[in-house]
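Below is one structure, written out as structure tokens, with a few remarks after it.
Residue numbers (my numbering), protein chains in the order written: chain A, 40 to 560; chain B, 109 to 430.
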């Protein structure tokens, strides 16, 4: 951790690196110095140019200008093969693994050690065994990737880099898919690698992780490097301000909830998917007016299915869903008319038609309303309404004729939010409200959700961001393997929630240990 | 059906399954690399016509075979250029190749030979003729097994033996070599290959080149092995049946051998059963037996015979993500 040690060359040094994609300057005049044997964080909002910069380092793109030095030597990284030769390894946000290959085959791919696989396989197997011993990076080399949990898949990615002799490890949003517990394990591994003199570059938007693990941190904004700081001398608030360029409220201001009558009741809901796998197992919950119930859990534990079942998109195998005491119809449009609004988890797949103009998207699902003219759409009415929504939700640019695909993630999400919030729903199902949304927009969206609660709406919130769940919810239900494994107040220690999310239910923390639950198990 | 008739059908099944098997493996190499190829039919036509024409011009079966491979690989490169380099729609490109090859063969055939699109029969030296395996004549006298050897195993041309060896070679290539590992990977997750520093484009082109070469051999077999000369549209939909066989074999080379044999056997039986009245069934319509491969494939796809999972990246052009 010799930040000011000028004698030793930096592991990575970028001098005036620029990269444009057409008219878009993804990186402009980036200077960065990362010392050997340190963990260096790079933070910035979506589109700040972090990933482009790392892709340049990994040879995925070539910089238009500027110089890259590795261990003090100027280099040109023309392709990933070259980067690997220079000792750079990368763990991508979306794992670069072949799912129906074994761990061993994935490790071999691109580093086979000869035209025939036999010899390379034996060598790779030995290397994996050695790495497992030294670093505790334990993985069964003959397991299929598709059978491994996400945490183990990430381990394979790290192993891929290490078996290729990586001295510099770049991790792009490594904790996005991990439970807090798995994230801690990852951090232990990274610290150990640092102790061996390896250099770690970690890209993230989670400031808490930056504070927890890095030695120094660089902030990027709009393709520029805003500054590099020692982690010990900074704070999340300062970093957030540097990222956004203005002061941001990281903490959501919210008063106590005033829960009213139950609006939505789910009773013993079980749901099998097309392949016959039980995705929801006997789930029960009650949602009251004026409260936000958060569903915490690692992605893929039934949250999506729960949301979709309540939204009428999936038919449950058994159990009941009651809206104001009456069973719901399995028809999303009828549900909308009953004032149940749904903000789907994936706005690209379900929330919007990206090729549509914004005004067209702004009425999707409500398009049969007589206000819009019925069979022949009344475009001027639609446009006027869309325009006022865009202004109210600060969608930029406020142009209702622009194709939705041309908006940033945050603005797209605001378009969906406006559509669902502004039609007077009583019950709101909200999935991943801030996925891929920049900090400024997150602040806005969170405030809106709280406002809806204070206006007496019943809100069911699903998010894989534990921070978000804790910040917004009045009650937190934790889902694991299709069940609700516990209820906790939002102030609960993150570690405890993390354990629940991993399916560890200790004594006294049994399912349904909450106030209003029927007991989920 | 007595033993001799059965052997006869089996013998003809071997002949009929040969072009299927070659085309099926051709499809396997390109689809495992992530490029869907509905143009197997067109490539076979190109190969068959080139073989037929060159055999007439040169009188050499080997030069004709090379010409067939060349013509078919050319169309493979066109497909690769359209689908990999230009990231075009793979189905559309394949269909276009089918039309172009069929039309071109007819036009060129008419202008060169003036026989309505077919090529004249090449001299014997311009064909691959049957090879008598050692001791076949003696074995024929030695009971049913010997007969099997003499009638079914022996007496085919070189291309048939190559075709039946090819699945095993393909299996070895795919599972035991670096090239095979990369080819399989690029059909599943090209991004993983790209980030490993290996060229996705080059691998997909390789898949198409192998595909073209095998289709060329299949075409040559039709024109100068099974028949004497190219006939208009002589592939008769084998390129599509080969795709069905590929699905049936779940994109694996050795099962492809058995599936193609089965389809060839159905084909041979259809010929044999023409107008024959079976006890208690009556006359089976030939069309029904001819349709069986498709029916079986549909049943398979409906999920009744296990699951056929295609290569994940099939049909999707690879674009580097930003």
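From the three backbone atoms N, C-alpha and C, an ideal C-beta is built for every residue, glycine too.
Identify which residue in the options has its Cα closest to the Cα of residue i.
i	options	result
residue 227(A)	189(A), 211(A), 176(A) and 247(A)	176(A)
residue 282(A)	384(A), 418(A), 262(A) and 64(A)	262(A)
residue 195(B)	373(B), 361(B) and 312(B)	312(B)
residue 353(B)	136(B), 298(B) and 202(B)	136(B)
residue 138(B)	261(B), 322(B), 257(B) and 154(B)	322(B)
residue 66(A)	87(A), 301(A), 204(A) and 221(A)	87(A)
residue 365(A)	329(A), 301(A), 396(A) and 433(A)	301(A)
residue 257(B)	110(B), 267(B), 244(B) and 265(B)	244(B)
residue 148(A)	381(B), 191(B) and 290(B)	290(B)
residue 363(A)	315(A), 330(A), 465(A) and 292(A)	465(A)
residue 500(A)	325(A), 462(A) and 134(A)	325(A)
residue 450(A)	381(A), 483(A) and 468(A)	483(A)
residue 292(B)	212(B), 120(B), 116(B) and 143(B)	143(B)
residue 284(A)	74(A), 241(A), 266(A) and 68(A)	266(A)
residue 513(A)	98(A), 526(A) and 521(A)	526(A)
Which class does residue i belong to by DSSP, given the choice of helix, strand or coil?
i	result
residue 525(A)	strand
residue 126(B)	helix
residue 250(B)	coil
residue 377(B)	helix
residue 186(A)	helix
residue 272(B)	helix
residue 446(A)	coil
residue 460(A)	helix
residue 56(A)	strand
residue 318(A)	strand
residue 402(A)	coil
residue 518(A)	strand
residue 302(B)	helix
residue 111(A)	coil
residue 493(A)	helix
residue 68(A)	strand
residue 612(A)	Nothing can be reported for residue 612(A): it is not among the residues displayed for chain A, which extend from 40 to 560.
Please report the distance separating the alpha-carbon of residue i from that of residue j.
i	j	result
residue 344(B)	residue 183(B)	19 Å
residue 113(B)	residue 252(B)	12 Å
residue 336(B)	residue 163(B)	10 Å
residue 169(B)	residue 332(B)	7 Å
residue 559(A)	residue 305(A)	Per-residue confidence for residue 559(A) stands at a pLDDT of 37, beneath the threshold of 50, marking its modelled position as unreliable; the derived number appears in the next sentence. Using only the alpha carbons, I get a separation of about 11 Å.
residue 539(A)	residue 379(A)	29 Å
residue 318(A)	residue 186(A)	17 Å
residue 232(B)	residue 334(B)	13 Å
residue 356(B)	residue 408(B)	7 Å
residue 218(A)	residue 121(A)	34 Å
residue 181(B)	residue 219(B)	23 Å
residue 503(A)	residue 153(A)	43 Å
residue 91(A)	residue 260(A)	13 Å
residue 343(A)	residue 470(A)	8 Å
residue 316(B)	residue 152(B)	13 Å
residue 165(B)	residue 157(A)	47 Å
residue 122(B)	residue 115(A)	56 Å
residue 383(A)	residue 133(B)	43 Å
residue 283(B)	residue 273(B)	16 Å
residue 127(A)	residue 208(A)	6 Å
residue 423(B)	residue 366(B)	26 Å
residue 159(A)	residue 287(A)	52 Å
residue 493(A)	residue 443(A)	30 Å
residue 79(A)	residue 161(A)	35 Å
Between residue i and chain D, is there a C-beta pair that is closer than 9 Å?
i	result
residue 540(A)	Looking at the structure shown, chain D is missing, and the protein chains on hand are A and B.
Taking all protein chains shown into account, decide if residue i is buried (16 or more other Cβ within 10 angstroms of its Cβ) or exposed.
i	result
residue 310(A)	buried
residue 446(A)	buried
residue 237(B)	exposed
residue 543(A)	exposed
residue 378(B)	buried
residue 6(A)	With chain A represented from 40 up to 560, any question about residue 6(A) goes unanswered, as that position is not in the structure.
residue 392(A)	exposed
residue 125(A)	buried
residue 549(A)	Low confidence applies to residue 549(A): its pLDDT is 42, below 50, so where it sits in the model is not reliable, and the reading given next is rough at best. Residue 549(A) is exposed by the Cβ-count criterion.
Open item on the list: Runs of 4 residues minimum, wholly inside the stretch 145 to 231 of chain B: which ones carry the alpha helix (DSSP H) assignment?
Closed with: Those alpha helix (DSSP H) runs which fall completely within the stretch 145 to 231 of chain B and span 4+ residues are 148 to 166, 169 to 188 and 198 to 221.
Open item on the list: Suppose only complete runs of 4+ residues qualify. What are the alpha helix (DSSP H) ranges in the stretch 330 to 408 of chain A, listed by chain order?
Closed with: 342 to 349, 371 to 376 and 397 to 400, all fully within the stretch 330 to 408 of chain A.
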